[in-house]
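Asker: In UniProt numbering, the protein residues as written are 1 to 189. Glycine included, every Cβ here is placed at the ideal spot set by N, Cα and C.
#1: Starting from residue 123, trace the beta strand (DSSP E) in both directions and tell me its first and last residue.
#2: In this structure, what does DSSP give as the bridge partners for residue 41?
#3: Please work out which residues of its chain come closer than 8 Å, Cβ to Cβ, to residue 123, disregarding the five sequence neighbours upstream and downstream, and give them in chain order.
#4: To the nearest angstrom, how far is the alpha carbon of residue 20 from that of residue 28?
#5: Locate the beta strand (DSSP E) running through residue 55, then write down its first and last residues.
#6: Using the rule of at least 16 other Cβ atoms within 10 Å of the residue's Cβ for burial, across every protein chain shown, is residue 102 buried or exposed?
#7: Check this for me: beta carbons of residue 171 and residue 116, under 8 Å apart or not?
#8: I'd like the span of the beta strand (DSSP E) that includes residue 200, first residue to last.
#9: What does a CB cutoff of less than 7 Å around residue 32 pick up in its chain, not counting 5 residues either side in sequence?
#10: Are the beta-carbon atoms of residue 85 and residue 150 separated by less than 8 Å?
#11: Is the beta carbon of residue 39 sitting closer than 8 Å to the one on residue 79?
#12: Quick one: Cα of residue 181 to Cα of residue 175, how far?
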């Protein structure tokens, strides 16, 4: 019985240490952060042509640029919203134990420093609970996936495809399928 109690006590201690470390990391990144932008965009698989919106220089993201026709919302958080996001991240201790195999992100949150340079970003798929972050923000990935309601409160209105987008994508997928069949048939002749 004493062993079980000791194991539980150690587990609780490590959990507390981990939570304190996460809070320190959150405080550290938010001290460096001057501006935060949140983008909502059409799922990347539905884009025509180039499917990138990050602009790189020497392997580092230096700018974000979305083709206008794929961008659905863009908001720049004010100081009050940044503080609210930070507090929400600090208080989120939920853990994601099951994720879908898919990854169709529709949101990116970008952190900027005082020189207006990108500190890092997190790409989010609220639908499947998956994300991708730059190395310096990986500790925020899970917590950020629990912020959908806060994003909506901040003004993000685009969370899933509209009926019109679904119809347009179906037509585009059908067109691509016909093009591929035509290419395949031409090769075999």
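Answerer: For this structure:
#1: Here residue 123 corresponds to residue number 123 of the chain shown, with the count starting at 1. 118-125 is the extent of the beta strand (DSSP E) around residue 123.
#2: The sequence position of residue 41 within the chain shown is 41, counting from 1. In the DSSP output, where bridge partners are listed per residue, residue 41 has 71.
#3: The count along the chain shown starts at 1 and reaches residue 123 at position 123. These residues qualify, in order along the chain: 105, 107, 108, 131, 132, 133.
#4: The residue given as residue 20 occupies position 20 in the chain shown. The residue given as residue 28 occupies position 28 in the chain shown. Distance between the alpha carbons of residue 20 and residue 28: 12 Å.
#5: Locating residue 55 in the chain shown gives position 55, counting from the first residue. First-last of the beta strand (DSSP E) with residue 55: 54-57.
#6: Counting from 1 along the chain shown, the entry for residue 102 is found at position 102. The residue in question, residue 102, is exposed, as its Cβ has fewer than 16 Cβ neighbours within 10 Å.
#7: In the chain shown, the residue the question calls residue 171 occupies position 171. In the chain shown, the residue the question calls residue 116 occupies position 116. No, they are not a contact pair.
#8: The first residue shown for the chain is 1 and the last is 189, placing residue 200 beyond what the model contains.
#9: Counted from its first residue, the chain shown places residue 32 at position 32. Only 113, 119 meet the Cβ criterion.
#10: Stepping through the chain shown from its first residue, residue 85 is reached at position 85. Stepping through the chain shown from its first residue, residue 150 is reached at position 150. In this structure, residue 150 lies closer than 8 Å to residue 85 by Cβ.
#11: By one-based count along the chain shown, residue 39 stands at place 39. By one-based count along the chain shown, residue 79 stands at place 79. No, the pair does not count as a contact, with Cβ atoms beyond the cut-off.
#12: Here the question's residue 181 lines up with position 181 in the chain shown. Here the question's residue 175 lines up with position 175 in the chain shown. Distance between the alpha carbons of residue 181 and residue 175: 10 Å.
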